[in-house]
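Asker: Numbering of the sequence shown is given in our numbering, commencing with residue 106 and proceeding in unit increments. The C-beta atom is built at its ideal place from N, Cα and C for all residues, glycine as well.
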Amino acid sequence: MSENRIALITGGSRGLGANAALALAERGVDVILTYKHNASAAAAVVEQIENRGGKAVAVPLDTADSSSFAAFCQQLQGILQQNWQGQRLDYLVNNAGHGHVAAIGEVSEEDFDELYRVHLKGPYFLTQTLLPVIADGGAVVNISSGLARFSLPGSSAYACMKGAVEVMSRYQARELAGRGIRVNTLAPGAIATDFNGGAVRDNPDANAMVASVTALGRAGEAGDIGPVIASLLSDDNRWLTGQRIEASGGMFL
106 MSENRIALIT
116 GGSRGLGANA
126 ALALAERGVD
136 VILTYKHNAS
146 AAAAVVEQIE
156 NRGGKAVAVP
166 LDTADSSSFA
176 AFCQQLQGIL
186 QQNWQGQRLD
196 YLVNNAGHGH
206 VAAIGEVSEE
216 DFDELYRVHL
226 KGPYFLTQTL
236 LPVIADGGAV
246 VNISSGLARF
256 SLPGSSAYAC
266 MKGAVEVMSR
276 YQARELAGRG
286 IRVNTLAPGA
296 IATDFNGGAV
306 RDNPDANAMV
316 ASVTALGRAG
326 EAGDIGPVIA
336 SLLSDDNRWL
346 TGQRIEASGG
356 MFL
């Protein structure tokens, strides 16, 4: 049976999820990461972890399809048994998601419902499904957004889901405390990744705007966030639960 702790990261093939996987691997945590479509990107993350001496597995999952979660959990238990000779996860990071930009008057019900399935219903019921697999004394990090605190026009639907995620985290923290499972929310600010089509990364005007409203004077990078996720999961923060941690470099202070 593996002595290493094991983390499951949804949406771990790119961006913040991939960086979190690498940061956890650097701390000696083994990783199971999910991806929706991009198997090659997920395989590249696995290869990076293995090249550093860690162990990782990539598995497909559509977090918008809650009807698939029971089968995914069964598959996960098989992966845990085959690769780690065990049946338990130590950590869960509900990270998978996508952005959406539209004014309130232009948001369609279809887009709203898709955001709900991916960002709120998915994490809620995936966590519920995995409760028998998460070890007592484990930890969960749910990813929110700085947009749940400050308001930028065009982000209403996305931000509504992330606000609900923060409430969900507090309830999870309260109800899972009896098993010693800690649950916290991490809310990144604007990050220069491919999120929202690479808007912050690839648009100089958007990047400059973010830098101008950020106390530390620049847009965030994925490498700013992965280590925070790893730290929140670790025993370094064993007395931290039910909290919202914003990692935004001080946006809109």
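Would you list the residues sitting across from Ile248 in a DSSP beta bridge?
Answerer: Per DSSP, Leu291.
Asker: What's the gap between the Cα of Thr290 and the Cα of Val245?
Answerer: In a straight line, the C-alpha of Thr290 is about 8 Å away from that of Val245.
Asker: Would the beta-carbon of Ile334 fall within 8 Å of that of Ala125?
Answerer: In this structure, Ala125 lies closer than 8 Å to Ile334 by Cβ.
Asker: Measure the alpha-carbon distance for Ser172 versus Gly322 and round it to whole angstroms.
Answerer: When rounded, the distance between both Cα atoms is 44 Å.
Asker: Classify Phe357: buried if its beta carbon has 16 or more other beta carbons within 10 angstroms, exposed otherwise.
Answerer: With fewer than 16 other Cβ atoms within 10 Å, it is exposed.
Asker: Please state whether the Cβ-Cβ distance between Ile330 and Ala352 is less than 8 Å.
Answerer: Cβ distance < 8 Å, so Ile330 and Ala352 count as in contact.
Asker: Between Arg119 and Ala144, is the Cβ-Cβ spacing less than 8 Å?
Answerer: No; because the gap between Cβ atoms is not below 8 Å, this pair is not in contact.
Asker: Please confirm if Ser317 has its CB atom under 8 Å from at least one CB of chain C.
Answerer: In the displayed structure, chain C is absent; only one protein chain is listed.
Asker: In whole angstroms, what separates the C-alpha of Met106 from that of Gln187?
Answerer: For Met106, the predicted model reports a pLDDT of 48, less than 50, meaning its position is unreliable and no value from the coordinates is stated.
Asker: Pairing CB atoms from the stretch 217-233 with CB atoms from the stretch 256-269, are three or more of them under 8 Å?
Answerer: As far as the Cβ criterion goes, the stretch 217-233 touches the stretch 256-269, which means the pair count is three or higher.
Asker: What number of angstroms, rounded off, separates the C-alpha of Gln192 from the C-alpha of Ala130?
Answerer: Taking the straight line from one Cα to the other gives about 20 Å.
Asker: When the Cα of Gly133 is compared with those of Val272, Pro332, Cys178, which residue comes out closest?
Answerer: The shortest Cα separation from Gly133 among Val272, Pro332, Cys178 belongs to Pro332.
Asker: Closest to Asn200 by C-alpha separation, out of Met273, Ala176, Gly117, Asp167, would be which residue?
Answerer: Looking at the Cα atoms, Gly117 is the closest of the given residues.
Asker: At a cut of 8 Å, does the stretch 253-261 reach the stretch 277-286 through at least three beta carbon pairs?
Answerer: Contact between the stretch 253-261 and the stretch 277-286 is absent, because fewer than three Cβ pairs lie under 8 Å.
Asker: From Leu185 to Ile286, what distance separates their C-alpha atoms?
Answerer: Straight-line Cα distance between these residues: approximately 19 Å.
Asker: Terminal residues of the continuous alpha helix (DSSP H) containing Asn156?
Answerer: Unbroken alpha helix (DSSP H) run through Asn156: 144-156.
Asker: With a 10 Å radius around its C-beta and 16 neighbouring C-beta atoms as the bar for buried, classify Asp195 as buried or exposed.
Answerer: Asp195 is buried by the Cβ-count criterion.
Asker: Tell me which same chain residues have a C-beta within less than 8 Å of the C-beta of Leu345, skipping the five on either side of it?
Answerer: The answer, listed in chain order, is Arg287, Asn289, Leu337.
Asker: Which same chain residues end up closer than 7 Å to Asp167 when comparing Cβ atoms and leaving out the 5 residues on each side of it in sequence?
Answerer: Here the set comprises Lys141, Ser173.
Asker: CB-CB under 7 Å to Ala208, same chain, minus the five flanking residues each way: which ones, in chain order?
Answerer: If we look at Ala208 and ignore the five residues flanking it on each side, its Cβ neighbours are Pro258, Gly259.
Asker: Kindly indicate which three-state DSSP category Thr168 falls into: helix, strand or coil?
Answerer: If DSSP states are grouped into helix, strand and coil, Thr168 belongs with coil.
Asker: Taking the straight line between their C-alpha atoms, what separation do you get for Lys226 and Arg349?
Answerer: Those two C-alpha atoms are separated by around 19 Å.
Asker: Considering just the uninterrupted stretch of the alpha helix (DSSP H) at Ile184, what are its terminal residues?
Answerer: 174-189 is the span of the alpha helix (DSSP H), which, as asked, contains Ile184.
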